[in-house]
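Letter by letter, the sequence shown follows residues 1 to 855 in UniProt numbering.
From the three backbone atoms N, C-alpha and C, an ideal C-beta is built for every residue, glycine too.
Step one of this worksheet: look at the structure below.
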Amino acid sequence: MKKERFTITGMTCSACSARVEKAVTKLEGTAEVSVNLLTNSMQLAYDEGKLDTGAIIAAVENAGYGASVKGQENAAPKKEESPLEKEAAALKKRLLWSLFFLLPVMYIAMHQMYAAWLGLPVPALVAELFDGPENALTFSFAQFLLILPIMYENRKYYINGFRNLLQGAPNMDSLVGMGSMAAALFGAFAVFRIGYGMGHGDWALVEEYSRNLYFESAGMIVTLITVGKYLEARAKGKTGTALARLMELAPQQANVLREGREISVPAAELRVGDEIIVRPGERIPADGVVLSGQTSVDESAITGESLPVFKAAGARVTSATLNKAGAIHFRAEKVGGDTAISQIIRLVDEASASKAPMARLADKISGIFVPVVILLAVVAGASWLAMGESVEFAFSIAISILVISCPCALGLATPVAIMVGTGKGAENGILIKSGEALEVAQSVDTVVMDKTGTITEGKPVVTDVAAFTRTEQELLALAAGMEAQSEHPLAEAVLAYAKSKEISPLQVERFQAVVGRGLQAQVQDKPCMAGSEDFMLEQGIDISPHRELVAKWADEGKSLLFFAVAGELAGIIAAADKEKASSVEAIRKLTAMGLDVIMLTGDNERTAKAVSQRLGLQKFIAGVLPANKEAHIAKLQEQGHKVAMIGDGINDAPALVRADIGIAIGAGTDVAMESADAVLIRSNLLDAVSAIKLSKAVIRNIKENLFWAFIYNIIGIPLAAGILYPAFGIKLSPMIGAAAMSMSSVCVVMNALRLRYFKPEQEAAVTAASLDNAEEAAMDRKEERKMAMEKELKIEGMMCAHCQKHVTDALSKMPGVTSVDVNLEAGTAKVTAEREIPQTEFAQVITEAGYELVG
1 MKKERFTITG MTCSACSARV EKAVTKLEGT AEVSVNLLTN SMQLAYDEGK
51 LDTGAIIAAV ENAGYGASVK GQENAAPKKE ESPLEKEAAA LKKRLLWSLF
101 FLLPVMYIAM HQMYAAWLGL PVPALVAELF DGPENALTFS FAQFLLILPI
151 MYENRKYYIN GFRNLLQGAP NMDSLVGMGS MAAALFGAFA VFRIGYGMGH
201 GDWALVEEYS RNLYFESAGM IVTLITVGKY LEARAKGKTG TALARLMELA
251 PQQANVLREG REISVPAAEL RVGDEIIVRP GERIPADGVV LSGQTSVDES
301 AITGESLPVF KAAGARVTSA TLNKAGAIHF RAEKVGGDTA ISQIIRLVDE
351 ASASKAPMAR LADKISGIFV PVVILLAVVA GASWLAMGES VEFAFSIAIS
401 ILVISCPCAL GLATPVAIMV GTGKGAENGI LIKSGEALEV AQSVDTVVMD
451 KTGTITEGKP VVTDVAAFTR TEQELLALAA GMEAQSEHPL AEAVLAYAKS
501 KEISPLQVER FQAVVGRGLQ AQVQDKPCMA GSEDFMLEQG IDISPHRELV
551 AKWADEGKSL LFFAVAGELA GIIAAADKEK ASSVEAIRKL TAMGLDVIML
601 TGDNERTAKA VSQRLGLQKF IAGVLPANKE AHIAKLQEQG HKVAMIGDGI
651 NDAPALVRAD IGIAIGAGTD VAMESADAVL IRSNLLDAVS AIKLSKAVIR
701 NIKENLFWAF IYNIIGIPLA AGILYPAFGI KLSPMIGAAA MSMSSVCVVM
751 NALRLRYFKP EQEAAVTAAS LDNAEEAAMD RKEERKMAME KELKIEGMMC
801 AHCQKHVTDA LSKMPGVTSV DVNLEAGTAK VTAEREIPQT EFAQVITEAG
851 YELVG
């Protein structure tokens, strides 16, 4: 199955999105079709052997809409004016012209009412032209002429509405267009009746129809709907601010070394292997490895880490991060759509365009909503006529039902909340891949965590060495030789420890890894083994003389590596993996939320118990092989639990897929892990707490939106039908119905925008396990403050971008200056330096550049 994303044009309400989805679903070979009204997009998976994009686009066009392949997944992100911004600008222009003509219509139609209610005097010219039955034709025809420009400006409602009606798929435009057009046609009919009455001296007929023109309703209906659409477009624009900010982070230009010289090229044209120069104040345009230079890089946009990270030769750099101090020269390894920032943008974009399963009810209702409303309007109007009411009364009832009904609110209830929620998550380093994942996350009752790399740092260090049949140096040489071939995290700890002791590894032959157990090899013509306690017992190695030492180290939570030579235990190496600073707090908060938290680990029972006690965990499963993690998840699900699995996204991939929601711990360059439903970029377990709480907030918001959308229509339609008229004499006018319809959609969007104020979890305290890291961070902050002396300068004389560059170059060449940010509009320059620079020195440099330092 191939996954593709399309841009859909012409949709105005949920009835439209339901029609597009239905049309594409009918095609043979399609699956997982999801049409999003908010983002004007469609995502689907389809069988390339049975279907192609041409057939899909044709199906959408046959349904009355436009479609094109989005096709930007492999390109570097570009910041362009969004469709919502364009829509808002067009609606604003349309609204202003509509109001320009509507205000005189309203005044002509209602000036006598304004005089009676508000005491406003009627100008003599107005009274002479429009008052009295003798001026009825002028009164009516002036209104008719003034609403024509309004109807022309808002012709979209009539064109789209009646086209969809004729195609058997009426939508919101159909309701608005029918209501407004019916009012205008009734007014035109009234003009003829007035003319007939005046010509035949029937002044009663003239007076009757001059009071029931409905021209002002025809203009007001479309204008009020446009007001609502404009406010809605502006509010919807705010839902995509997180994605817009991410796209702004991606630099558009890069300085590349090609054929021995430095040139500037668009970031989209970078190639793997390009050597790139990044200076202070510039953003890194690709993922790669530093070749030369030293600097500190602000990676907060990707990892959420507030402190700059030191980079030197061999260090990895990530796209869209900000170079703070020195210049670096690095080689690009991932460019364009493969970079970290591009993958993050893709995930957020796809998630915001997805649907939550609970939206299916609204989709089903939307598909039949508009035809039912039209039928109700006809039935209600006919019923009032049958009960003896006038044609005008019945006509007003029918129009009110048409324009008060709001399928838009139903269509927007889910996508706006998902877009804001996923965007808010992305801002805080939480990438949630779909609306379905959001809905599932709020219902989990069990959280299973892998230990290594998830709860712990994933970088164990050797703490103890016990040699039995040879010296400690000989044991370490043997251990280093065997572990050099292994990819186990403990192997790295052993190699690092041996290197620190300046011990060279022994040569190893016939190396063989026993998955999940240990290693076998030939060293100095002797059979050797390394691995867990269980592995040793399976191989018949006697460890009973050292049970006390094994128990002691295991009780301390240390992981043990056993080494045997020629069938005899040669020694044990103990290593410990520190828990992350956030782990204890995250586990405490998850437990406080009423969730069962379970740790999965390959460690033995005793070690696992020691770790769990330090973490405050009540449940753990020890001795779990990587291949068996999925089985433990499946067992919990069979017991009726909704399970969230948190792991590193690689070794835990089967378990992440099996879980109801898989949450991957990953760095910025690992965001494309396909096995997980959510990715925590900062590798911080507190973000898992935030993800679940965000999920609850989003689903609660969706339920609120759906409730208000349903209740609005359930209450509004009967009111418009005149249910209160017999008992209380209350009847809604078409204008009030149009205003209510407009505001219902705006209210749904505004309610979803409240999610922007969601607060992620913060670390409450530094645990003992991370004290060393905290001290290092404090020292880093101190050093950073020493290094970064910041000063803002006020400069006069800068007139254009060339001036801005001239000042930037002059200040950048000053000794000790690490970064310069010149703001042309404000006439300021922010300078960061490694030393304290006197004002006189700045003044001299600025003056020599041809400008004046004034502050």
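Note to self: Suppose contacts are defined by Cβ-Cβ distances below 7 Å. Is F330 in contact with I276 by that definition?
What the structure shows: For the purposes of this step, residue 330 is identified with residue 330 of the sequence shown, where counting begins at 1. For the purposes of this step, residue 276 is identified with residue 276 of the sequence shown, where counting begins at 1. Yes.
Margin query: Classify M106: buried if its beta carbon has 16 or more other beta carbons within 10 angstroms, exposed otherwise.
Written below: On the sequence shown, residue 106 is found 106 positions in, with the first residue counted as 1. Counting Cβ neighbours within 10 Å, M106 comes out buried, since at least 16 surround it.
Checklist line | For E568, the first and last residue of its enclosing beta strand (DSSP E) | finding: Here residue 568 is taken as the residue at index 568 of the sequence shown, counted from 1. Element bounds for E568: 568 to 576.
Checklist line | Three-pair Cβ contact test at 8 Å for the stretch 710 to 726 versus the stretch 131 to 151 | finding: no
Next item on the list: Please report the residue range of the alpha helix (DSSP H) in which V746 lies.
Entry: The sequence position of residue 746 within the sequence shown is 746, counting from 1. 734 to 753 is the extent of the alpha helix (DSSP H) around V746.
Notebook entry, point to check: How about A575 and A634: do their beta carbons lie closer than 7 Å?
Noted result: Position 575 of the sequence shown holds residue 575. Position 634 of the sequence shown holds residue 634. Cβ distance not < 7 Å, so A575 and A634 don't count as in contact.
Check: Any idea what DSSP makes of Q844, helix, strand or coil?
Finding: Here residue 844 is taken as the residue at index 844 of the sequence shown, counted from 1. In the structure shown, Q844 sits in a helix (DSSP, three-state: H, G or I).
Checklist line | Selection from A709, I374, A586 that minimises the alpha carbon distance to K693 | finding: For the purposes of this step, residue 693 is taken as the residue at position 693 of the sequence shown. Residue A586 is the option with its Cα nearest to K693.
Item checked: Opposing strand residues paired with G30 [DSSP bridges] -> Against the sequence shown, residue 30 aligns to sequence position 30. Sequence check: residue 30 is Thr here, not Gly. Looking at the DSSP assignment, T30 forms a beta bridge with Y46.
Item checked: beta strand (DSSP E) runs contained entirely in the stretch 447 to 498, provided each spans 3 or more residues -> 461 to 467
Checklist line | Counterpart residues of N823 in DSSP-defined beta bridges | finding: Within the sequence shown, residue 823 is the residue found at index 823, counting from 1. According to DSSP, N823 bridges with T828.
Notebook entry, point to check: Taking buried to mean at least 16 other C-beta atoms within 10 Å of its own C-beta, is N36 buried or exposed?
Noted result: For this step, residue 36 is matched to residue 36 along the sequence shown. Burial call: buried.
Next item on the list: Would you verify that the beta carbon of G314 is, or is not, closer than 7 Å to some beta carbon of chain C?
Entry: Reference to chain C is not applicable here, since this structure consists of a single protein chain.
Next item on the list: Please report how far the alpha carbon of E533 lies from the alpha carbon of S41, in whole angstroms.
Entry: Walking along the sequence shown from the start, residue 533 turns up at place 533. Walking along the sequence shown from the start, residue 41 turns up at place 41. Near 56 Å, if we compare the C-alpha coordinates of S41 and E533.
Checklist line | Proximity winner among A592, P133, I108, Y114, relative to L125 (alpha-carbon distances) | finding: Mapped onto the sequence shown, residue 125 falls at position 125. Checking every option, the nearest Cα to that of L125 belongs to I108.
Next item on the list: Look up E704 in the DSSP assignment and give the residues it is bridged to.
Entry: For the purposes of this step, residue 704 is taken as the residue at position 704 of the sequence shown. Note: E704 sits in no beta bridge, so no partner.
Check: Going by the beta-carbon positions, is the gap between A810 and A849 smaller than 7 Å?
Finding: In the sequence shown, residue 810 corresponds to position 810, counting from 1. In the sequence shown, residue 849 corresponds to position 849, counting from 1. Taking 7 Å as the Cβ cut-off, A810 and A849 qualify as a contacting pair.
Notebook entry, point to check: Are the CB atoms of K424 and L685 nearer to each other than 7 Å?
Noted result: Start at 1 with the first residue of the sequence shown, and residue 424 comes out as number 424. Start at 1 with the first residue of the sequence shown, and residue 685 comes out as number 685. No; because the gap between Cβ atoms is not below 7 Å, this pair is not in contact.
Margin query: Taking 6 Å as the limit between beta carbons, can you name the residues of its chain near S683, skipping five residues before and five after?
Written below: To locate residue 683, count along the sequence shown from 1; it is residue 683. Hits under 6 Å: I665.
Check: DSSP state of P104, grouped into three classes?
Finding: Working through the sequence shown from its first residue, we reach residue 104 at position 104. In this structure, P104 counts as helix in the three-state DSSP scheme.
Item checked: Euclidean distance between Cα positions of T669 and T339 -> Taking the sequence shown and counting its residues from 1, the one referred to as residue 669 is at position 669. Taking the sequence shown and counting its residues from 1, the one referred to as residue 339 is at position 339. Low per-residue confidence applies at T669: pLDDT is 38, beneath 50, and the placement is therefore not dependable, though the value from the model is reported in the following sentence. Spanning the two alpha carbons is a distance of roughly 7 Å.
Next item on the list: Note down, in chain order, each residue of its chain lying with its Cβ closer than 8 Å to the Cβ of V689, except the 5 sequence neighbours on either side.
Entry: The residue given as residue 689 occupies position 689 in the sequence shown. Within the same chain, V689 has close Cβ partners A586, K589, L590, M593, E761.
Next item on the list: Determine the DSSP secondary structure at L595, reduced to helix, strand or coil.
Entry: As a working mapping, residue 595 is identified with position 595 in the sequence shown. Residue state, collapsed to three classes: coil.
Notebook entry, point to check: Ordered along the chain, which non-local residues of its own chain (more than five positions away) have a Cβ less than 8 Å from that of F130?
Noted result: Taking the sequence shown and counting its residues from 1, one reaches residue 130 at position 130. I108, H111, T138, F139, A142, listed in sequence order.
Checklist line | Rounded C-alpha distance that separates V206 from Y196 | finding: The residue labelled residue 206 in the question sits at position 206 within the sequence shown. The residue labelled residue 196 in the question sits at position 196 within the sequence shown. Distance between the alpha carbons of V206 and Y196: 8 Å.
Next item on the list: Compute the distance between the beta-carbons of D450 and D660, then report whether it is under 7 Å.
Entry: Here residue 450 is taken as the residue at index 450 of the sequence shown, counted from 1. Here residue 660 is taken as the residue at index 660 of the sequence shown, counted from 1. No.
Notebook entry, point to check: Using 8 Å as the Cβ pair cut-off and three pairs as the minimum, do the stretch 480 to 497 and the stretch 611 to 623 touch?
Noted result: no
Check: Grouping DSSP H, G and I as helix and E and B as strand, with all else coil, what is H806?
Finding: Counting from one through the sequence shown, the residue named residue 806 turns up at place 806. Note: H806 maps to helix in three-state DSSP.
Notebook entry, point to check: First and last residue of the beta strand (DSSP E) that includes K311?
Noted result: In the sequence shown, counting from the first residue as 1, residue 311 sits at position 311. Element bounds for K311: 309 to 311.
Check: In chain order, which alpha helix (DSSP H) runs of at least 4 residues are fully inside the stretch 582 to 627?
Finding: 583 to 592, 605 to 615
Check: For A380 versus I397, is the C-beta distance shorter than 7 Å?
Finding: In the sequence shown, the residue the question calls residue 380 occupies position 380. In the sequence shown, the residue the question calls residue 397 occupies position 397. Yes. Within cutoff.
Check: Mind checking D47: buried by the 16 CB within 10 Å criterion, or exposed?
Finding: By 1-based counting over the sequence shown, the position of residue 47 is 47. It counts as exposed.
Next item on the list: Look at the Cβ atom of V272, then the Cβ atom of A332, and state whether they are nearer than 7 Å.
Entry: Numbered from its first residue, the sequence shown carries residue 272 at position 272. Numbered from its first residue, the sequence shown carries residue 332 at position 332. Contact: yes.
Note to self: Measuring only the C-alpha atoms, how far is F842 from V597?
What the structure shows: The count along the sequence shown starts at 1 and reaches residue 842 at position 842. The count along the sequence shown starts at 1 and reaches residue 597 at position 597. So the alpha carbons of these two residues sit roughly 59 Å apart.
Margin query: So G168 and A218 are supposed to be a Cβ contact under 8 Å. How far apart are they, rounded?
Written below: Against the sequence shown, residue 168 aligns to sequence position 168. Against the sequence shown, residue 218 aligns to sequence position 218. The pair is not a contact, with the Cβ atoms about 25 Å apart (cut-off 8 Å).
Note to self: Need the endpoints of the beta strand (DSSP E) that N171 sits in, please.
What the structure shows: Residue mapping note: residue 171 aligns to position 171 of the sequence shown, counting from 1. Careful: N171 lies outside any beta strand (DSSP E) and carries neither H nor E.
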